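Q: Take a look at the following structure, please.
Number of protein chains: 2
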Amino acid sequence: MNMNDRRLGAVFSALADPTRRRLLGRLAEQQSATATELAAAEPVSRQAIVKHLQSLDEAGLVASSRAGREVRYALTPAPLEDAAGWMETVGAEWDRRLARLRGKLEAGK
Amino acid sequence: MNMNDRRLGAVFSALADPTRRRLLGRLAEQQSATATELAAAEPVSRQAIVKHLQSLDEAGLVASSRAGREVRYALTPAPLEDAAGWMETVGAEWDRRLARLRGKLEAGK
DNA sequence: ATCTGGTGCAACCGGTTGGTTGCACCATGT
DNA sequence: ACATGGTGCAACCAACCGGTTGCACCAGAT
């Protein structure tokens with residue numbers, strides 16, 4: 001149970017929710033926004049958005065900073081790399097296996 | 001609404017669970033296995049594994065086929081590409097935004 | 001015909017999750 | 001000083017999730 005694996009799970013489960021994905025998309029274009037701003041464009045309450053931003057924060061995909069009386073959230077896409085890395089690993093293993101199989105077939109023909 | 005977005009969510013939430021990730025890893029090395037086999041190597045019951053395999057199947061990450069009286073599961077990693085694609089999009093948008101910002105700063109110095 | 005091992009189905013359980021509402025708390029502009 | 005708009009905190013809810021157990025079912029081997 002690597003802490004790394006924990007992080008990976010947090011990232012994937014953060015990305016699992018459509019609202020959260022929309023929020024990330026929004027923050028990718030807009031660099032920073034408050035929960036209230038984001039909630040205005042979403043069909044759910046501000047509190048719901050806050051919770052979503054919290055889980056995005058736990059996954060390290062977003063960072064919050066106070067500016068005056070408002071709290072602005074910004075995208076920090078680094079953990080996406082970890083996630084992509086894991087998927088690549090699985091894919092690579094799969095390809096290696098395929099290559100081995102192809103090799104055997106080649107040898108046995 | 002998009003069936004595509006639905007699929008994306010299914011993939012990410014499939015990858016969100018550590019047991020499911022382990023199963024995928026296993027199937028990447030082993031090409032095919034039954035639920036009972038997989039359950040032997042995991043700390044949970046066969047039924048739990050079956051459920052996991054079902055959600056992996058819904059995400060399109062795994063395919064099942066009957067061989068005699070047993071059901072073998074195999075990895076079908078194609079949907080990983082979709083997931084990686086989405087992440088890449090967010091990352092790319094982010095980069096474009098950074099580039100624009102850099103441009104403005106450059107122009108205004 | 002019957003024992004056996006792998007599957008499938010269904011009920012059940014505790015914990016998490018996405019969502020809500022209500023209200024108290026601050027920082028700011030007038 | 002005070003009204004205001006953005007936050008934070010907490011309780012509550014229905015639905016879902018990961019997991020279990022018990023049992024019926026079905027294909028093969030004896």
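Protein sequence lines, in the order shown, are assigned to chains B and S.
Here the first sequence is numbered in our numbering, starting from 1 and rising by one per residue.
Here the second sequence is numbered in our numbering, starting from 1 and rising by one per residue.
C-beta: ideal position from N, C-alpha, C; glycine also.
The structure displayed is predicted, hence computed values, not measured ones.
1) Which residues in the same chain as B/Thr34 place their Cβ atom closer than 8 Å to its Cβ, once the five residues preceding and following it in sequence are excluded?
2) Between the C-alpha atoms of S/Ala99 and B/Ala28, what's the straight-line distance to the nearest angstrom?
3) Give the DSSP bridge partners of B/Arg66, in chain order.
4) Output yes or no for whether 8 Å exceeds the beta carbon distance between B/Thr76 and B/Ala63.
5) From this set, S/Leu8, S/Arg46, S/Gly9, S/Leu53, which residue's C-alpha is nearest S/Leu23's C-alpha?
6) Could you spell out the range, first to last residue, of the alpha helix (DSSP H) harbouring B/Val44?
7) Take B/Asp5 as the anchor and find which of S/Leu8, S/Gly9, S/Asn4, S/Leu15 has the nearest alpha-carbon.
8) Against chain S, which members of the region 6–17 of chain B pass a CB distance test of less than 9 Å?
9) Run through chain S and tell me which residues come within less than 7 Å of B/Ala107, C-beta to C-beta.
10) Can you confirm whether the region 77–84 of chain B touches the region 82–95 of chain S when touching is taken to mean that 3 or more C-beta pairs between the two stretches lie within less than 8 Å?
11) Would you say S/Gln54 reaches chain B, if we count a Cβ-Cβ gap shorter than 8 Å as a contact?
12) When you compare each of B/Ile49, B/Leu105, B/Arg7, B/Arg97 to B/Asp17 by their alpha carbons, which one comes out closest?
13) If we count the other Cβ atoms within 10 Å of its Cβ and call it buried at 16 or more, is B/Arg116 buried or exposed?
14) Who does S/Ala33 pair with in a DSSP beta bridge?
15) Give the DSSP-derived three-state secondary structure of S/Asn4 in the structure shown.
16) Give the secondary structure of B/Gly60 by DSSP, where H, G and I count as helix, E and B as strand, and everything else as coil.
17) Could you round the C-beta distance between S/Ser20 and S/Ser55 to whole angstroms and report it? I think they count as a contact, below 8 Å.
18) Beta carbons nearer than 7 Å to chain B: which residues of the region 78–99 of chain S have them?
19) When you check each C-beta in the region 19–33 of chain B against every C-beta of chain S, which residues fall closer than 9 Å?
20) Can you pull the chain S residues whose beta carbon is under 7 Å from the beta carbon of B/Leu38, in chain order?
21) If you draw a straight line from the alpha carbon of S/Arg97 to that of B/Lys104, how long is it in whole angstroms?
A: With the given structure in hand:
1) Residue numbering aside, residue 34 of chain B sits at position 34 when the first sequence is read from its first letter. Cβ neighbours of B/Thr34 beyond the five flanking positions: Glu70, Val71, Arg72, Tyr73.
2) If you number the second sequence from 1, residue 99 of chain S lands on position 99. If you number the first sequence from 1, residue 28 of chain B lands on position 28. Going by the C-alpha atoms only, they are around 12 Å apart.
3) Translated into the one-based positions of the first sequence, residue 66 of chain B becomes position 66. The partner list for B/Arg66 (beta bridge, DSSP) reads B/Val71.
4) Locating residue 76 of chain B in the first sequence gives position 76, counting from the first residue. Locating residue 63 of chain B in the first sequence gives position 63, counting from the first residue. Yes, they are a contact pair.
5) On the second sequence, position 23 is the one that residue 23 of chain S refers to. The candidate whose alpha carbon is nearest that of S/Leu23 is S/Leu53.
6) Here residue 44 of chain B is taken as the residue at index 44 of the first sequence, counted from 1. Counting along the chain, B/Val44 falls outside any alpha helix (DSSP H), and DSSP gives it neither H nor E.
7) Here residue 5 of chain B is taken as the residue at index 5 of the first sequence, counted from 1. Per the Cα distances, S/Leu15.
8) Flagged, chain order: Arg6, Leu8, Gly9, Ala10, Val11, Phe12, Ser13, Ala14, Leu15, Ala16, Asp17.
9) In the first sequence, counting from the first residue as 1, residue 107 of chain B sits at position 107. The contacting residues do not exist; B/Ala107 stays about 18 Å from chain S at best.
10) Taking 8 Å as the limit for Cβ pairs, the verdict is that the region 77–84 of chain B does touch the region 82–95 of chain S.
11) Against the second sequence, residue 54 of chain S aligns to sequence position 54. No - not a single Cβ of chain B is within 8 Å of the one on S/Gln54.
12) As a working note, residue 17 of chain B is residue 17 in the first sequence. Across the set B/Ile49, B/Leu105, B/Arg7, B/Arg97, the C-alpha of B/Ile49 shows the shortest separation from the C-alpha of B/Asp17.
13) Limits of chain B in this structure are 1 at one end and 109 at the other, which puts residue 116 of chain B out of reach.
14) Within the second sequence, numbered from 1, the residue matching residue 33 of chain S stands at position 33. In DSSP, S/Ala33 forms a bridge with S/Tyr73.
15) By 1-based counting over the second sequence, the position of residue 4 of chain S is 4. S/Asn4 falls in the helix class under three-state DSSP.
16) Counted from its first residue, the first sequence places residue 60 of chain B at position 60. DSSP places B/Gly60 in coil when its eight states are reduced to three.
17) Here residue 20 of chain S refers to the residue found at position 20 when the second sequence is read from its first residue. Here residue 55 of chain S refers to the residue found at position 55 when the second sequence is read from its first residue. Per the sequence shown, the amino acid found at residue 20 of chain S is Arg instead of Ser. Correct: roughly 7 Å between the Cβ atoms.
18) Within the region 78–99 of chain S, the residues whose Cβ lies closer than 7 Å to some Cβ of chain B are Leu80, Ala83, Ala84, Met87, Val90, Gly91, Glu93, Trp94, Arg97, listed in chain order.
19) So the list reads Arg21, Leu24, Gly25, Leu27, Ala28, Glu29, Gln30, Gln31, given in the order they occur along the chain.
20) As a first step, residue 38 of chain B must be located in the first sequence, where it is residue number 38. Under the 7 Å cutoff, chain S gives no residues; its nearest Cβ is about 15 Å from B/Leu38.
21) Position 97 of the second sequence, counting from 1, holds the residue named residue 97 of chain S. Position 104 of the first sequence, counting from 1, holds the residue named residue 104 of chain B. Near 49 Å, if we compare the C-alpha coordinates of B/Lys104 and S/Arg97.
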